[in-house]
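Quick mapping for you: the protein sequence lines, in order, are chains A and B. Under the UniProt record's numbering, residues 1 to 321 are what the first sequence spells out, in order. Under the UniProt record's numbering, residues 1 to 321 are what the second sequence spells out, in order. We put the CB at the ideal spot given by N, CA and C, even for glycine.
2 protein chains.
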Amino acid sequence: MARLAGVSRATVSYVLNNTSAVRISEPTRRRVHEAARELGYVPHAAARSLRAGHSRMVLMPAPAVPVGPLYSRFLSELQSALGRLDYTVVQYGTVGRQGDEAARAWAELRPVAVLVPGTGIGPQGVAVLKRAGARAVVTLGPERVEGAHALLMDHEAVGHCVGAHLHARGRRRVGVVVPEEEGLEAFSRPRLAGVRQALRGTDASVTELPLAYTEQAAAELAARWAGSGLDAVFAYNDEYAMLLMRALQDEGLRVPEDVAVVGADDLMLGRLLRPRLTTVHIELPSGRELAELVDQAVRDPGAEPEVRKVLGAALVRRESS
Amino acid sequence: MARLAGVSRATVSYVLNNTSAVRISEPTRRRVHEAARELGYVPHAAARSLRAGHSRMVLMPAPAVPVGPLYSRFLSELQSALGRLDYTVVQYGTVGRQGDEAARAWAELRPVAVLVPGTGIGPQGVAVLKRAGARAVVTLGPERVEGAHALLMDHEAVGHCVGAHLHARGRRRVGVVVPEEEGLEAFSRPRLAGVRQALRGTDASVTELPLAYTEQAAAELAARWAGSGLDAVFAYNDEYAMLLMRALQDEGLRVPEDVAVVGADDLMLGRLLRPRLTTVHIELPSGRELAELVDQAVRDPGAEPEVRKVLGAALVRRESS
DNA sequence: TTGAAAGCGTTACCAC
DNA sequence: GTGGTAACGCTTTCAA
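What follows is the structure, given as structure tokens:
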């Protein structure tokens, strides 16, 4: 490299890293800096981490499906928090790879920590990553994975508080929307299960309602509504709730008199609908909190994997139920 | 490494990379594969790209602000398309760094191509990246950057077609919402400028309306509406349009009789509002198309930078204007 | 068919 | 203060 500053590579390294252990003469420093600028020199991250034997890279698989505003806010918060702790966050696009194959692809980058949302990894995958030098593997999902720290996101709780609420409001025939879009099962299944659990042992029934996110699908579902006898619906989230509520209203059904509609995620749009949408406010962990957990785990890789419940679900009653 | 398969490192490399130039005996292959599995061996990406002198990494800065459904769809499409061409897409979280500093940080990773949305890079940054071995730099933004391929996203066109539409509908006092949220200026400014341009030389006036994405801010704006004399508003996008339209309606104003409301992005929610929201349908380049452009550029780095207009804007008239 | 060795860009460690 | 040297893990060239 910039040996054409007339100095050795080691000297360059010292100057550019401001190594305090050795003193470099001012003129030399200047020459090095000058040469670096002139040549447009930038250090080679791969070489550096190869030599160092570790990096400060925190790897996250990039979500394959477009993800809601809630989660993307959380993501960018997390990124800046980790950035402040001097980690580099990298979202890695793992195309078609599944499970352990994906884990191996991630391991090739030798990240110091890996954050895996959903059910994208199993115990074997965790083991691969750890052998590859990852000092922390953190999952964000419905259940813990052997060997990894876990941030438990209990989406059943979301469904549960909706079920309990609807029952308390006297509803007995509850429909639950299950989106047909791919990649949402990880959330929709537990939400449905939560409703079921809340209503188990009561006189209320739960009906699963597959629904694609199109006006037509919603209209068809609404057209069948009268015959279904359902008096309430948990619409998966606020966006599906808006879609379905509109279709129900267009069909002449009154919300909430004929049918109660409940969304989830507490998005702005729920407040703007008429009737205002009852929803579930979801409290995700702050990016700062998760960043600190990662940092802890990296500093002390031997520690017992931490398991923490991080999803707060609170029903926000408005006018639609 | 796995020399404990009883063979040399070279042999391992051959086997695992399926190098066709040399023939390795079946038993040896087996032993290597077995040892690799047993040890949980995964190749070291840094070492590989260091030796090879290049990688297949396509780098994109991770958006710092939560980004709309339109753009995230485009992103994931692009990711899979590039994945199919055997590139690895990496979103790199560039925290606070600005301009050339950011470019230097990206260059450290020695990506084969860099995709930069917005105005995140200048000619110098492009030069740094190219010197660092990037064979293609592609910007997605309002204007081209010296030395880089450009996908021109002309958001002025969005504003322009709204301005023209409103004028044709007889509106003469047009408000344009400019979000107060950070990171949106890159879109809101050109959209405003487009409206101005469309109405320049006519008898219509354009008024800038700063608006935060809160109910209260919208209510305040709506309360001032009667005194403003505005008979139309371009609300930046469908979400701001929904917010503002609700506030206007709550204030007793009729849409579109008293005030026409136009959104943009053609989101589902616009179709669900009543009155149905007039909007601008935005056609982004397909991920496949962009992936091919990147691949082209990587294969032929000497070629003249390509400049392509990729943002199609078409007004979708519904009921709100 | 296999093994040995060089070298990619860094940095830590010793001599100078 | 400064400069040479080795080593990180891998691929490739060349020799056995």
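Continuous alpha helix (DSSP H) stretch holding residue i: start and end
i	result
H155 (chain B)	H155 to A168
E38 (chain B)	E26 to L39
P301 (chain A)	Here P301 (chain A) belongs to no alpha helix (DSSP H), and DSSP marks it neither H nor E.
A47 (chain B)	A45 to A52
V126 (chain B)	P123 to R131
Segment limits, beta strand (DSSP E) that includes residue i
i	result
Q91 (chain A)	T88 to Y92
E101 (chain A)	Careful: E101 (chain A) lies outside any beta strand (DSSP E), inside the alpha helix (DSSP H) at G99 to A107.
L140 (chain B)	A136 to G141
T11 (chain A)	That residue, T11 (chain A), is in no beta strand (DSSP E); its alpha helix (DSSP H) goes R9 to N17.
E146 (chain B)	Where E146 (chain B) is concerned, there is no enclosing beta strand (DSSP E), given that its DSSP letter is neither H nor E.
A113 (chain A)	A113 to P117
R261 (chain B)	This sequence places Val at residue 261 (chain B); Arg is not what is there. V261 (chain B) -> beta strand (DSSP E) spans A260 to V262.
DSSP three-state assignment for residue i, whether helix, strand or coil
i	result
G312 (chain B)	strand
P69 (chain A)	helix
L152 (chain A)	strand
E283 (chain B)	strand
V294 (chain A)	helix
L248 (chain B)	helix
L59 (chain A)	strand
L267 (chain A)	coil
A232 (chain A)	strand
A226 (chain B)	helix
A81 (chain B)	helix
A241 (chain B)	helix
E306 (chain B)	coil
A2 (chain A)	Annotation note: pLDDT 49 at A2 (chain A) (below 50); position unreliable, coordinate value reported separately. In this structure, A2 (chain A) counts as coil in the three-state DSSP scheme.
E319 (chain A)	coil
Nearest-angstrom Cβ-Cβ length linking residue i and residue j, presumed shorter than 8 Å
i	j	result
S311 (chain B)	A157 (chain B)	This sequence places Leu at residue 311 (chain B); Ser is not what is there. Their Cβ separation, rounded to whole angstroms, is 6 Å, which keeps L311 (chain B) and A157 (chain B) in contact under 8 Å.
W106 (chain B)	V114 (chain B)	6 Å
M57 (chain A)	P111 (chain A)	4 Å
V162 (chain B)	E208 (chain B)	In fact, because the Cβ distance is near 14 Å, the residues do not count as touching under 8 Å.
L192 (chain A)	A222 (chain A)	20 Å between Cβ atoms; not a contact.
G297 (chain B)	A81 (chain B)	It is worth fixing the name first, because residue 297 (chain B) is Ala in this sequence and not Gly. A297 (chain B) to A81 (chain B), Cβ: 14 Å. No contact.
E181 (chain A)	R271 (chain B)	Rounded, the Cβ-Cβ distance is 17 Å, inconsistent with contact.
A241 (chain A)	V259 (chain A)	Not a contact, Cβ separation roughly 12 Å.
E146 (chain B)	P117 (chain B)	Between P117 (chain B) and E146 (chain B) the Cβ distance is about 18 Å, and since that is not below 8 Å, they are no contact.
A103 (chain B)	G183 (chain B)	About 19 Å separates the two Cβ atoms, so there is no contact after all.
Q79 (chain B)	A62 (chain A)	6 Å
V233 (chain B)	S205 (chain B)	The pair is not a contact, with the Cβ atoms about 13 Å apart (cut-off 8 Å).
V195 (chain B)	G159 (chain B)	4 Å
A36 (chain A)	L50 (chain B)	The pair is not a contact, with the Cβ atoms about 20 Å apart (cut-off 8 Å).
A291 (chain A)	L151 (chain A)	Actually they are not in contact, since the Cβ atoms of A291 (chain A) and L151 (chain A) sit about 12 Å apart, beyond 8 Å.
Length at least 3, wholly inside the region 174-224 of chain B: the beta strand (DSSP E) runs in chain order
205-211
Contact residues within the region 213-228 of chain B, judged by C-beta distance below 8 Å to chain A
Y213 and E215
Below 8 Å between beta carbons is the criterion; list the residues of the region 228-242 of chain B that meet it against any residue of chain A, in chain order.
E239 and M242
Chain-ordered residues of the region 119-130 of chain B with a beta carbon less than 7 Å from chain A
A127 and V128
At a Cβ cut of 7 Å, what residues of the region 38-65 of chain B count as close to chain A, listed as they run along the chain?
G40, V42, P43, H44, A45, A46, A47, S49, L50, A62, A64 and V65
Against chain B, which members of the region 163-180 of chain A pass a CB distance test of less than 7 Å?
none
Tell me which residues of the region 263-292 of chain B have at least one Cβ-Cβ distance to chain A shorter than 9 Å, keeping chain order.
M268, L269, R271, L272, L273 and R274
Between the region 98-117 of chain A and chain B, which residues of the former have a C-beta closer than 7 Å to a C-beta of the latter?
R104, A107, E108, L109 and R110
Residues in the region 290-321 of chain A having any Cβ partner in chain B nearer than 7 Å:
none
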